[in-house]
Amino acid sequence: MKHSRKSWFRHEAISTRQANRLVKQYTEKGYHVEKSLNADHKLWDVAVKLEEGRNNHPTPRCMINKVWDSPLYKNPTII
88 MKHSRKSWFR HEAISTRQAN RLVKQYTEKG YHVEKSLNAD HKLWDVAVKL
138 EEGRNNHPTP RCMINKVWDS PLYKNPTII
């Protein structure tokens, strides 16, 4: 039996409508959800226990901006 690691993910300072929608969606999928009133007293915080991704693959080269690998990006003093 494999046990996957789970951790809390928080949606903070959201409206009542958004909070209710999130609680409904996560509950339908079988996740453990907690909804609590924010310090603002007009907004809500929603916490859900989600599985952590096991395979964090590196970003494909085609998705990386070429400027990030330029010497100008690494050392802005080069002209």
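Numbering (our numbering), first residue to last: 88 to 166.
Glycine included, every Cβ here is placed at the ideal spot set by N, Cα and C.
The structure presented is a predicted model; accordingly, all values stated were derived computationally and were not measured.
Cα-Cα separation between residue i and residue j, rounded to whole angstroms
i    : j    : result
H119 : R108 : 15 angstroms
S123 : E138 : 21 angstroms
Y113 : S94  : 14 angstroms
Y111 : H98  : Residue 111 is actually Lys in this sequence, not Tyr. Looking at the two C-alpha atoms, the distance is approximately 14 angstroms.
H144 : K116 : 25 angstroms
Local Cβ density within 10 Å of residue i, reported as buried at 16 or more and exposed below that
i    : result
I166 : For I166, the predicted structure reports a pLDDT of 47, less than 50, and the residue's modelled location is therefore unreliable. A value from the coordinates is still provided. Counting Cβ neighbours within 10 Å, I166 comes out exposed, since fewer than 16 surround it.
Neighbourhood of residue i by C-beta distance below 6 angstroms, restricted to the same chain and skipping five residues each side
i    : result
A100 : N125, L130
S91  : E138
V135 : F96, Y113, Y118, V120
CB of residue i within 9 angstroms of CB of residue j, strictly
i    : j    : result
D127 : A106 : no
Contact set for residue i: own chain, Cβ-Cβ below 8 angstroms, skip 5 residues either direction
i    : result
S102 : L130, W131
Close Cβ partners of residue i (< 7 angstroms) along its chain, the five nearest in sequence each way excluded
i   : result
M88 : Unreliable placement is indicated for M88, whose pLDDT of 48 sits below 50; the coordinate value is still reported in the next sentence. There are no such residues.
* What residue ranges within the region 104-141 form continuous beta strand (DSSP E) runs of no fewer than 3 residues, ordered along the chain? -> 120-124, 131-138
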